[in-house]
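Visitor:
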Amino acid sequence: MTAFNRDAPYNELPLLPSKINLETVKVLRKTIDASRALARLNGMLTNLPNPTLFLDTIHLQEAKASSEIENIVTTNDDLYKSIVADKSLETRQLKRLSVTKKHFGRVC
1 MTAFNRDAPY NELPLLPSKI NLETVKVLRK TIDASRALAR LNGMLTNLPN PTLFLDTIHL
61 QEAKASSEIE NIVTTNDDLY KSIVADKSLE TRQLKRLSVT KKHFGRVC
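full-length UniProt numbering puts the sequence shown at residues 1 to 108.
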């Protein structure tokens, strides 16, 4: 194996679309398992008094992790306090996370 050189391009990439068959029995079975798990989660969410609160925590964690990559660090405590209190977000980090959360909410 050759050493990694970040200055040299990797021009031996395979062409797209790949000639590998991804629709194997194993992959399709895993897809079915994932679909069933999501259906169970969806069923459980309907039993919660406020299902969006549960989903918002997932979006918040994703937005927090994404912002940490950009060196914007905040605590879970600050995140949840800002949402529960429904106050204006005061810190720059929380404002940035709020914008990121809105974008993730549109995607998810």
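Quick reminder that beta carbons are idealized off the backbone N, C-alpha and C, glycines included.
Quick one: which unbroken beta strand (DSSP E) runs of 3-plus residues sit fully inside the UniProt domain "Fic/DOC N-terminal" (29-87)? Chain order, please.
Guide: none
Visitor: With 16 other CB atoms within 10 Å as the buried threshold, where does Lys39 fall?
Guide: On the sequence shown, residue 39 is found 39 positions in, with the first residue counted as 1. Here residue 39 is Ala; the residue named in the question, Lys, does not match the sequence. Around the Cβ of Ala39, a 10 Å sphere holds fewer than 16 other Cβ atoms; the residue is exposed.
Visitor: Would you identify the three-state DSSP class for Lys102, choosing helix, strand or coil?
Guide: What you label residue 102 is simply residue 102 of the sequence shown in a count that begins at 1. Helix.
Visitor: Suppose contacts are defined by Cβ-Cβ distances below 8 angstroms. Is Thr74 in contact with Lys81 by that definition?
Guide: Taking the sequence shown and counting its residues from 1, the one referred to as residue 74 is at position 74. Taking the sequence shown and counting its residues from 1, the one referred to as residue 81 is at position 81. Cβ atoms of Thr74 and Lys81: not closer than 8 angstroms.
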